[in-house]
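Okay, so here's the structure we're looking at.
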Amino acid sequence: MYSQIRQAIADIEWPPGSGSFTIRKQSGKKRGEGSGVKPIKDACMAKLQGFGWDLETTLDIATFTRPGPIDATCYVKSKEKYFALEWETGNISSSHRAVNKMAVGLLKEILIGGVLILPTRELYQYLTDRIGNFRELAPYFPMWKALNIKEGFLAIIAVEHDHASTDVPRIGKGTNGRAMG
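By the UniProt record's numbering, the letter at position 159 of the sequence shown is numbered 159, and the numbering carries on one by one without gaps.
Rendered as structure tokens:
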């Protein structure tokens, strides 16, 4: 699974067909500037789906009401559990919720593993303002490491661009929250 995740990340290209990931060198702080995150996530999800992963899987892990979906899951038959993957498109609070949801899934033995993918601080500056990022989440790693997980693992993967340039178009943004513009 880890090799599939790495491949799905490595295959993300911008502009499409370029063979690398070049982000538009433009701050994401102002409305109408910077690049969106969802198209980057969607490219990874499409690759994982091609590997046989399920997208938008609803698992009752940590809710009292209807659970929200997990971006991608892979069922591990030998363990009769799911491996979960989330790609951060929201703010740092959303990042905490995603990691905590997977941590609870591991503690309840619903999941065999969980991975959160989010940008480095270097990529963050060119994306939608206030997107969750690795540097802001890192101070909480000791808490998650201290969990008494019987089997499985929890990981956070930071992604970064190959290049930054004003010669490429910006990646389109969604229409929710701070992504407007």
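Glycine residues also receive a C-beta, built at the ideal position from the N, C-alpha and C atoms.
Quick caveat, the model's predicted, so the values are computed rather than measured.
#1: For Arg130, tell me which candidate among Glu13, Met1, Pro15, Lys30 has the shortest Cα-Cα distance.
#2: Excluding five sequence neighbours on each side, which residues of the same chain lie with their C-beta closer than 7 angstroms to the C-beta of Ser95?
#3: Would you report the Cα separation of Asp162 and Pro15, rounded to the nearest angstrom?
#4: Exposed or buried, Gln125, counting other C-beta atoms within 10 Å across all chains shown (16 or more means buried)?
#5: Rounded to whole angstroms, what's the CA-CA distance from Ile61 to Pro69? Just pull it up for me.
#6: Once the 5 residues before and after Gly113 are set aside, which same chain residues still bring their CB inside 6 angstroms of it?
#7: Is the separation between the beta-carbon of Ser35 and that of Ile157 shorter than 9 angstroms?
#8: In angstroms, rounded to a whole number, what distance separates the CA positions of Gly181 and Ile92?
#9: If you measure between the beta carbons of Lys47 and Asp11, is that distance less than 9 angstroms?
#10: Please report the distance separating the alpha-carbon of Gly17 from that of Gln4.
#11: Measuring straight from C-alpha to C-alpha, what distance separates Trp144 and Phe51?
#12: When the Cα atoms are used, what is the spatial distance from Val104 to Asp167?
#13: Looking at the strands, I want to know which residues DSSP matches up with Trp87.
#14: Taking the beta carbon of Glu86 as the centre, do at least 16 other beta carbons fall within 10 Å, making it buried, or is it exposed?
From the atom records:
#1: Position 130 of the sequence shown, counted from the start, is the residue given in the question as residue 130. Ranking Glu13, Met1, Pro15, Lys30 by Cα distance to Arg130 puts Lys30 first.
#2: Translated into positions along the sequence shown, residue 95 becomes position 95. Here the set comprises Glu88, Leu116, Leu118, Gly132, Leu137.
#3: Here residue 162 corresponds to residue number 162 of the sequence shown, with the count starting at 1. Here residue 15 corresponds to residue number 15 of the sequence shown, with the count starting at 1. Cα-Cα distance, rounded: 12 angstroms.
#4: Numbered from its first residue, the sequence shown carries residue 125 at position 125. Gln125 is buried by the Cβ-count criterion.
#5: Taking the sequence shown and counting its residues from 1, one reaches residue 61 at position 61. Taking the sequence shown and counting its residues from 1, one reaches residue 69 at position 69. About 10 angstroms.
#6: Along the sequence shown, read from residue 1 onward, the residue named residue 113 stands at position 113. Once the five neighbours on either side are set aside, the close Cβ partners of Gly113 are Phe83, Gly152, Phe153.
#7: On the sequence shown, residue 35 is found 35 positions in, with the first residue counted as 1. On the sequence shown, residue 157 is found 157 positions in, with the first residue counted as 1. Their beta carbons are not under 9 angstroms apart, which means Ser35 does not touch Ile157 by this criterion.
#8: For the purposes of this step, residue 181 is taken as residue 181 along the sequence shown, with counting starting at 1. For the purposes of this step, residue 92 is taken as residue 92 along the sequence shown, with counting starting at 1. Below a pLDDT of 50, predicted positions are generally treated as unreliable, and Gly181, at 43, falls in that range; no measurement from the model is reported.
#9: Translated into the one-based positions of the sequence shown, residue 47 becomes position 47. Translated into the one-based positions of the sequence shown, residue 11 becomes position 11. Yes, the pair counts as a contact, with Cβ atoms nearer than the cut-off.
#10: In the sequence shown, residue 17 corresponds to position 17, counting from 1. In the sequence shown, residue 4 corresponds to position 4, counting from 1. In a straight line, the C-alpha of Gly17 is about 20 angstroms away from that of Gln4.
#11: For the purposes of this step, residue 144 is identified with residue 144 of the sequence shown, where counting begins at 1. For the purposes of this step, residue 51 is identified with residue 51 of the sequence shown, where counting begins at 1. Going from the Cα of Trp144 to the Cα of Phe51 covers about 29 angstroms.
#12: Taking the sequence shown and counting its residues from 1, one reaches residue 104 at position 104. Taking the sequence shown and counting its residues from 1, one reaches residue 167 at position 167. About 44 angstroms.
#13: Within the sequence shown, the letter at position 87 stands for residue 87. According to DSSP, Trp87 bridges with Ile117.
#14: Your numbering for residue 86 matches position 86 in the sequence shown. When all chains shown are included, Glu86 counts as buried.
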